[in-house]
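*Asks:* Dropping the structure in here first, questions after.
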Amino acid sequence: MIDNFDVTLVKGDTARWSNFFLGVTSGVTFNFVGCTLYMQVRNGYDPSTLVASYSKYIDSNSILSYPAGFTGGISAATGGTVYLCLGSTNSNLLTADRICKYDLKVVTPNNDLYTLIRGNIQVLSPVTDI
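If you read the sequence shown in the working numbering, its first letter stands for residue 83, the second for the next number, and so on.
Listed below in structure tokens is the structure:
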């Protein structure tokens with residue numbers, strides 16, 4: 083069930099990406115209703131410095147839309163798509179010119195835990211300072 087997806091960003095920029103997931107049953111889209119999603123971004127593997135931590139409970143009224151660009155977050159609904167956003171405030175805390183790490187985990191209504199996606203975040207140095 084785990085996918086790898088790498089992201090490249092300039093330190094201090096907002097990064098947005100999405101992924102589509104199939105459920106445990108092959109060919110069926112993942113229904114996130116009743117699940118809680120967790121994402122952490124670190125300067126390296128745990129126990130390195132935690133830069134951002136997001137969690138989101140998905141209820142039946144959840145609407146799929148990208149989270150705010152300054153803070154970031156997670157959004158999902160019934161259709162198997164998850165929107166992820168590392169906000170500019172948090173990406174500014176990443177160490178430039180290195181590879182950082184993130185993952186996204188889901189806890190299902192029956193308390194099964196799955197890592198859905200993980201990957202590297204390549205952090206580039208900014209040129210313009212705002």
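For each residue, glycine too, the CB sits at the ideal point set by N, CA and C.
Keep in mind that this is a model prediction, so the values were computed, not measured.
What are the boundary residues of the beta strand (DSSP E) that N202 is part of?
*Replies:* 195-206
*Asks:* Using the beta-carbon count (16 or more within 10 Å), is V123 buried or exposed?
*Replies:* buried
*Asks:* Which term fits F102, buried or exposed, when burial requires 16 or more other beta carbons within 10 angstroms of its beta carbon?
*Replies:* exposed
*Asks:* Quick one: Cα of T131 to Cα of V205, how far?
*Replies:* The straight-line gap from Cα to Cα measures roughly 15 angstroms.
*Asks:* Is T163 helix, strand or coil when you go by DSSP?
*Replies:* strand
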